[in-house]
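In short: position in the sequence shown from 1, add 790, done, that's this note's numbering. Where a beta carbon is used, it is the ideal one built from N, C-alpha and C, also for glycine. Note that the structure is a prediction, hence the values are computed from the model and not measured. Contents: one structure, followed by commentary.
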Amino acid sequence: MKMVAAQHNRHVQVFEMPTMQQQQQQQEQQRRSANKIPQPPHGEAEPTRVTTANKIAKLSPSDANARTAAAPTKASSATLQGHPEHDVQRRPTTKGNQSKQQDAVSGKSSGSRKKAGGSKSDYLRLQLADVLAAVQSLYADKLKPFGRILLKRIRERNAAAKTAAARANGCPGTVVNTDDVPLLDPRYLRRVCDTCVQLQVEPEDGKEYSVYLLGQPRNFIDVSSPVDCYPPYLWHEASEYFAGLHGEDMLLPGGRYACAQLLAEKRLPFLAGYSLGAVCHIVHLAVSQRRILGYIEGNMVPFGRSAGRVKEQCAASQQPVVCNNPAIPEAPPATLQEARRGLLELFDSAEPSGRHRRINLSNVKRLFRSRFGLSLSETALGHSSLHELLEGSQFADLCYLELHGKSQYVIQRTQEAGLAEQVACVDEPAAARSQPAATHPR
């Protein structure tokens, strides 16, 4: 293309504009010139370019093989990104998750790295079919598919599948426990459930959620219900069975779900025909109402061997329970007036919640010990549990208990009454204090 640039002294100057192809060629030449390695002076050796191949060549054979196997290729990375079930691995490469990405490329399982002490970011690879099968199994057990239960069930099914595969390959004694299975990413599980057209996700209390199958009836058992719908013979046989346990056999898992699983596996006659959800409900009633089971040091045991039975005996004699934990310093038990005065002082320093001040029930004893140097012993005041003490007549004018979410709080009943007037309003004799208040099923 020719253009007239200027006209001077009657002479026309003409120049040519470069075409688009010529401009691209010039830019490519400039880029190559900028990246060109300078030539060494005459007589000097040409410098060696530092490349990945040169680095590997300088290593020992074993180190070179390890580096080469750990280096992901572009093709393998593209393959991983093409499958939605590997979204957990698609994160920025950092020191924390670099090992996981290498495992995904090399084919090494996350479980092997977890056993070797890997990072917590090594999650179990999750597929939609696993989620649907786990939800269906919870429906069969009549258990409401909460998110936390769904996480457990997927790992349980994975452990059962690995056990069956090992036995099919000639290892009949192999048992893969759920604890040996890598953890699941709860956020990724929630995303899978939200995006699946076969599932419906509904929010629950706090961050909890539940997952349902579309078009399926929700015939779940309320495992926390106080309604006892089971025949008397079941409770009679259950009492005889648990009372006859001794030694390690009487130590059951502390969780209601885990304990019900163990009892279902034993195929006990009095539990025949009941779903896992019904067994969970039976365990709940055995603890909360029937006084067949209790707790000691995190385990579920027959009630006669539980800490609750010991507390009942101490409450009957108005004696504090002896604490064998050396981490907790000894402190004298608070009298009734000291307990009432201390509770009011704790209310005065507590942050208001609406029109009332409240204290988490689990913090009351710790605050008494740290603030006043006293032990708030419910057994020394004639009760076997702290909530029973605070709900009784001795504290009825000061507070009441209320459940918020999963936490129970002590709520101040009055705020304007004076401290001295409230402390003096109740001064019951020892005979009245020895009568325990009526318990309510929880």
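Return the first residue and the last residue of the beta strand (DSSP E) that residue i is part of.
i	result
I1201	1197 to 1202
Y1002	999 to 1003
V991	989 to 993
V966	Neither: V966 is in no beta strand (DSSP E) and is coded neither H nor E.
In chain order, what residues of the same chain have a beta carbon less than 8 Å from the beta carbon of residue i, not counting five sequence neighbours either side?
i	result
V965	T953
P1059	E1027
D920	I944, R947, N948
Is residue i helix, strand or coil by DSSP?
i	result
E1102	helix
S1029	helix
E1192	strand
L940	helix
R1145	coil
N1153	helix
V1112	coil
V971	coil
S1139	helix
P976	helix
N948	helix
I1086	strand
P1007	coil
S1107	coil
L1061	helix
P1092	strand
S790	Residue 790 cannot be examined here, being either before or after the span of the chain that is shown, 791 to 1232.
P1022	helix
L1042	strand
Q1051	helix
Starting from residue i, trace the alpha helix (DSSP H) in both directions and tell me its first and last residue.
i	result
L928	918 to 930
S1078	1066 to 1078
Sorted by chain position, which residues of the same chain lie with C-beta nearer than 6 Å to residue i's C-beta, five sequence neighbours on each side aside?
i	result
A1054	L1066, V1069
N948	V971
F1185	none
Would you mind giving the Cβ-Cβ distance between residue i and residue j, rounded to the nearest angstrom? I have them listed as a contact below 8 Å.
i	j	result
E998	G1098	No, E998 and G1098 are not in contact; Cβ-Cβ is about 28 Å, not under 8 Å.
Q1202	R1147	5 Å
A1124	F1158	7 Å
L1042	V1091	7 Å
L1188	R1131	Incorrect: roughly 10 Å between the Cβ atoms, too far for contact.
L1164	A1121	6 Å
So, at 7 Å on beta carbons, what are the nonlocal neighbours of residue i in its own chain, with the 5 sequence-adjacent residues on each side left out?
i	result
L950	One detail in the question is off: residue 950 reads as Ala in this sequence, not Leu. Same-chain partners within the cutoff: there are none.
L974	Y913, L914, L916, L941, I944, R945
I1086	R1095, S1096, A1097
A923	R947
Task: At least three beta-carbon pairs within less than 8 Å, the stretch 1119 to 1138 to the stretch 1151 to 1158 - done: yes
Open item on the list: Does the contact criterion of 3 or more C-beta pairs under 8 Å hold for the stretch 1062 to 1077 versus the stretch 914 to 933?
Closed with: yes
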